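> The opening residue of the sequence shown carries number 44 in this note's numbering; numbering runs sequentially from there.
Don't be surprised by glycine CBs; every beta carbon is placed ideally from N, CA and C.
Predicted, not measured: the structure shown is a model, and the values here were computed from it.
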Amino acid sequence: MAVQTSVHIDEPVTVIPGIGPVRARYLSQLGVDTVGDLLLLQPRRYLNHRRVAHLGALRPGDRIMVSGRIDSVRTRSTQRRRTWLHEATLMLEGCCLLLVWFLPTPDQARLPVQRGAYVTVAGTVSRCPRGLQIVHPLFPPDNGREEFIIPVYPLVNGLHQNQMRKWTSAALNNTIPPAETIPDDIRRQRQLIPLTNALRWLHYPHEPDQVTQARRRLAYEELLSAVIALELRKRTRRRSVSPCGDDGPQSRAFLSSLPFELTEGQRAAIADIRTDMQADRTMYRLVHGDVGAGKTVVAMFAAVKAVENGRQVAFLVPTRLLAEQHYARWKEALTQAGVRVDILLGDRNDDRVKQRAASGEVDMLIGTHALLNADFARLGLLIVDEQQRFGVEQRAHLAMRWPVHSLYLSATPIPRSLASILWQDLDVSVIPAPPAGRSRVITRWLRPEKREQLYTSLRNQISAGRQAYIVFPRIGTEATIDEADRPSPDQKHNLSAVTAYKKLTTGALTDLRVGLVHGQMPAEKQEEVMSAFQKGKIDVLVCTTVVEVGVDVPNATVMIIEGAEMFGLAQLHQLRGRVGRGQYQSYCIAVASPTTPLAAQRLRTFCNTQDGFKIAEQDMLLRGPGELLGQRQSGYGEFKFADFPADLDLMKSVVDDARVLLQKDPNLQSAENAALRERLLARYPSCLEKRGGG
Ligand code: ADP
Ligand code: MG
Numbered sequence: 044m045a046v047q048t049s050v051h052i053d054e055p056v057t058v059i060p061g062i063g064p065v066r067a068r069y070l071s072q073l074g075v076d077t078v079g080d081l082l083l084l085q086p087r088r089y090l091n092h093r094r095v096a097h098l099g100a101l102r103p104g105d106r107i108m109v110s111g112r113i114d115s116v117r118t119r120s121t122q123r124r125r126t127w128l129h130e131a132t133l134m135l136e137g138c139c140l141l142l143v144w145f146l147p148t149p150d151q152a153r154l155p156v157q158r159g160a161y162v163t164v165a166g167t168v169s170r171c172p173r174g175l176q177i178v179h180p181l182f183p184p185d186n187g188r189e190e191f192i193i194p195v196y197p198l199v200n201g202l203h204q205n206q207m208r209k210w211t212s213a214a215l216n217n218t219i220p221p222a223e224t225i226p227d228d229i230r231r232q233r234q235l236i237p238l239t240n241a242l243r244w245l246h247y248p249h250e251p252d253q254v255t256q257a258r259r260r261l262a263y264e265e266l267l268s269a270v271i272a273l274e275l276r277k278r279t280r281r282r283s284v285s286p287c288g289d290d291g292p293q294s295r296a297f298l299s300s301l302p303f304e305l306t307e308g309q310r311a312a313i314a315d316i317r318t319d320m321q322a323d324r325t326m327y328r329l330v331h332g333d334v335g336a337g338k339t340v341v342a343m344f345a346a347v348k349a350v351e352n353g354r355q356v357a358f359l360v361p362t363r364l365l366a367e368q369h370y371a372r373w374k375e376a377l378t379q380a381g382v383r384v385d386i387l388l389g390d391r392n393d394d395r396v397k398q399r400a401a402s403g404e405v406d407m408l409i410g411t412h413a414l415l416n417a418d419f420a421r422l423g424l425l426i427v428d429e430q431q432r433f434g435v436e437q438r439a440h441l442a443m444r445w446p447v448h449s450l451y452l453s454a455t456p457i458p459r460s461l462a463s464i465l466w467q468d469l470d471v472s473v474i475p476a477p478p479a480g481r482s483r484v485i486t487r488w489l490r491p492e493k494r495e496q497l498y499t500s501l502r503n504q505i506s507a508g509r510q511a512y513i514v515f516p517r518i519g520t521e522a523t524i525d526e527a528d529r530p531s532p533d534q535k536h537n538l539s540a541v542t543a544y545k546k547l548t549t550g551a552l553t554d555l556r557v558g559l560v561h562g563q564m565p566a567e568k569q570e571e572v573m574s575a576f577q578k579g580k581i582d583v584l585v586c587t588t589v590v591e592v593g594v595d596v597p598n599a600t601v602m603i604i605e606g607a608e609m610f611g612l613a614q615l616h617q618l619r620g621r622v623g624r625g626q627y628q629s630y631c632i633a634v635a636s637p638t639t640p641l642a643a644q645r646l647r648t649f650c651n652t653q654d655g656f657k658i659a660e661q662d663m664l665l666r667g668p669g670e671l672l673g674q675r676q677s678g679y680g681e682f683k684f685a686d687f688p689a690d691l692d693l694m695k696s697v698v699d700d701a702r703v704l705l706q707k708d709p710n711l712q713s714a715e716n717a718a719l720r721e722r723l724l725a726r727y728p729s730c731l732e733k734r735g736g737g
């Protein structure tokens, strides 16, 4: 077959022989639309065939490559219509191995081997009535190597492994080699292989180490474009604005009205924000601090300052509960500082509230996603609480819709090394420590059998005037209640909030004021319960993870987490963050019977570690960042090859290299960086868009 190298990597996959519109649709489900996508499709694993020199010691299941002479070929019809069985005998030093094909023709000339030929074949050995066989053997290139490695691709229905292999080799052989995207000096310094080698070795390595090298190189490129894109975005995002003035009477009144002394971290964050807002460029800042660090008050200061300077403020939060809570808690202080504040929850009051924002009668809106559809007369500040809930993409979207000062709050305890890539485009203020006087939350892991003793200590806390949460991993919809109520053989405690609520209110906690809140309750009902809990009218709140983020009830001192083995470390830490928010000693009890050593390890780590960052490092080591951050939050979906924590070191080099590269060529205009620039534009169109072609 003549090799034509005329295909460009940006062409659709249908230029490859054998891929029509139908198969192109299947491929699209794998994220493969262009020839380039196909070349970057990462095999799930590889099958390694080892050369054997004789056939004596073979066993079924062995994956081998072997050379020998074809001794005979037989053809038989089979039970199935129009299928013929062809058997060729491969002889080697007096032993034989059958090579088997099922073909829609009795014609032996159609077989890939002929009698008397000397061939090299590969495949998995299986047993058959006449000895050992390889069905539909592969024909490795005759290169005298000891290993023959083939890729195993991810598939969807309608695609077959062998087709995929044919297509990837066709793509490799017929594609105009793409231009090198990593500058030569970096490649030399970091010992990265050329792109063309990487693509070939990713699919058809001669030895396993080549896969490692290919992945490393592709991961490097991926991270480099991400880091550069974020860095460029950071530059283009800063829009001109008229600067805010020094703190006036409203800002000062707000600060002096606070019932507590600000921590050093809070004061530093406020100083950063003040500097940002008094400059002539839009602020783009993240305030980062562990749960309970006291980030809200910092954001409220920014809000007052914006309003004092004639701007409006949008305060975006991920849940209604949180919106209600912020509104209830801060309404008075804000009003006293001259801020007219209202709340937008995506319900029937919306139209009225939106109108007031559009006409400028209200200075500040606190709200959920509904806020994104509101119009403001003079919006000047966007605050996003629990920003990890909104994800990297939404962040870009918000900044585009509203090119105003942006302030993000986050407690995501991600390792600092990762933070540097996820937040590359933000300035960061860290609140390193919680307000003084907080004692550490005493954390214990309890086996379910000992639950009764738990309720005794719970009661002691309630008698002392404190409150408690009991969190369950499941809601337990009506349909599952009956089933769940049936005592299961192993007496396993039920892990749904609804069922537990019924049991507890009629049993162990019958004399206490117990409330129930979960995400499937009507919103008004949720708010009613939360507000009652906030006001101390409920002693024990049975709930799901709806309380996970942001909820702040300082009088609550007990957090019981049922089925704790079902939560990730980061989530456990967020839940623990709901207590220990006031002056009282607080307790977190993880009730769990882990079934794996890993789950047990997670619980021990949780009990021994209070620091969100340490938890994050551990979590990442135990589970990998995908799970730690969740697909929605991580922005990792965009990385095919980079893998953490394995690639943390690689990323450190990337961040250094990107800095040097952008110093030398700030807009990637040099010929050397042309391919990188093109790749960047393909992946992150917004990052160079505003630069007028360079
Ligand atoms: P997070 O950083 O998790 O959002 P919050 O802003 O909700 O934390 O603050 C947690 C609790 O700490 C709140 O009840 C808040 O009023 C209180 N708080 C914040 N700053 C201080 C401070 N400097 N001193 C004492 N309490 C504070
Ligand atoms: Mg908060």
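Put CYS586 into one of helix, strand or coil per three-state DSSP.
strand
> Check whether the segment 99-106 and the segment 141-158 are in contact - that is, three or more C-beta pairs closer than 8 Å.
no
> Would you say the beta carbon of LYS814 comes nearer than 7 Å to a heavy atom of the ligand ADP?
The question about residue 814 has no answer, for the chain in this structure spans 44 to 737.
> Which same chain residues end up closer than 7 Å to TRP373 when comparing Cβ atoms and leaving out the 5 residues on each side of it in sequence?
MET343
> Is the closest heavy atom of the ligand MG to the C-beta of LEU452 under 7 Å?
The answer is yes for LEU452.
> Are THR553 and GLY519 touching if we call contact CB-CB under 8 Å?
Between THR553 and GLY519, the CB-CB gap reaches or exceeds 8 Å.
> According to DSSP, simplified to helix, strand and coil, what is ARG280?
helix
> Residues bridged to VAL143 by DSSP?
GLU130, VAL178
> Is any heavy atom in the ligand ADP found nearer than 7 Å to the beta carbon of GLU495?
If you check the C-beta of GLU495 against the ligand ADP, you find no heavy atom less than 7 Å away.
> Between which residues of its own chain and GLU608 is the CB-CB distance below 6 Å, once the five residues before and five after are set aside?
ALA635, PRO637, ALA642
> Measuring from the CB of ASP333, is there a heavy atom of the ligand MG at a distance below 7 Å?
no
> Relative to the ligand MG, is the shortest distance from any of its heavy atoms to the C-beta of GLY593 smaller than 7 Å?
Yes, the Cβ of GLY593 comes within 7 Å of a heavy atom of the ligand MG.
> Who are the near neighbours of LEU135 in its chain, counting only those whose CB is closer than 7 Å to its CB and skipping five residues on each side?
The answer, listed in chain order, is HIS97, LEU98, VAL109, GLY111.
> Taking just the CA atoms, how far does PRO248 sit from THR139?
The sequence given here places Cys at residue 139; Thr does not occur at that position. Within the model, the alpha-carbon separation for CYS139 versus PRO248 is close to 29 Å.
> Going by DSSP, name the residue or residues bridged to ALA41.
Not covered by the structure: residue 41. The range shown for the chain is 44 to 737.
> Can you tell me whether ASN738 is helix, strand or coil according to DSSP?
Coverage of the chain is limited to positions 44 through 737, which leaves residue 738 absent and any answer about it impossible.
> Taking Cβ positions, are VAL405 and ARG391 nearer each other than 8 Å?
no
> Measure the C-alpha to C-alpha separation of VAL29 and LEU415 and round it to an integer number of angstroms.
As displayed, the chain neither begins before 44 nor continues past 737, which places residue 29 out of reach and without an answer.
> Measuring CB atoms only, is the segment 155-167 touching the segment 117-126, in the sense that at least three cross pairs come out at less than 8 Å?
no
> Any idea if PRO183 is buried or exposed, counting beta-carbon neighbours within 10 angstroms, 16 or more meaning buried?
buried
> Taking the beta carbon of CYS730 as the centre, do at least 16 other beta carbons fall within 10 Å, making it buried, or is it exposed?
buried
> Among the residues of its own chain, which have a CB less than 6 Å from the CB of ALA522, if the five just before and after it don't count?
Below a pLDDT of 50, predicted positions are generally treated as unreliable, and ALA522, at 39, falls in that range; no measurement from the model is reported.
> Which residues in the same chain have their Cβ closer than 8 Å to the Cβ of CYS650, if we skip the five residues on either side of it in sequence?
THR486, ARG487, TRP488, ALA633
> Using a threshold of 7 Å, is the CB atom of GLU571 nearer than that to any non-hydrogen atom of the ligand ADP?
False, no ligand heavy atom lies under 7 Å from that Cβ.
> At what residues does the beta strand (DSSP E) containing GLY558 begin and finish?
Boundaries of the beta strand (DSSP E) around GLY558: 557-560.
> Which of the three DSSP states, helix, strand or coil, is assigned to ILE62?
Looking at ILE62 - three-state DSSP - the assignment turns out to be coil, as it is neither helix nor strand.
> Are the segment 174-189 and the segment 75-88 in contact at 8 Å, needing three or more beta carbon pairs?
no
> Select from PHE684, ASP315, ASN200 the residue whose C-alpha is nearest the C-alpha of SER472.
ASP315
> If you measure between the beta carbons of ALA357 and LEU452, is that distance less than 8 Å?
no
> Check each candidate in VAL697, GLU715, PRO640, THR587 and name the one with the smallest Cα separation from LEU274.
For the record, residue 274 in the displayed sequence is Glu; it is not Leu. Answer by Cα proximity: VAL697.
> Give the single residue among SER71, ASP252, VAL95, VAL583 whose Cα lies nearest to the Cα of GLY187.
VAL95
> Does the distance between the C-beta of ASP761 and the nearest non-hydrogen atom of the ligand MG fall short of 7 Å?
No information on residue 761 is available, as it lies outside the stretch 44 to 737 that the chain covers here.
> Within 10 angstroms of the Cβ of LYS338, are there 16 or more other Cβ atoms? Answer buried if so, exposed if not.
buried
> Taking DSSP as the reference, what is the three-state secondary structure of ASP385?
strand
> What's the C-alpha gap between ALA714 and TRP466?
29 Å
> Under 8 Å by Cβ, that's how I've got ARG509 and ALA417 pegged, so tell me the actual separation to the nearest angstrom.
So it is not a contact: roughly 39 Å between Cβ atoms.
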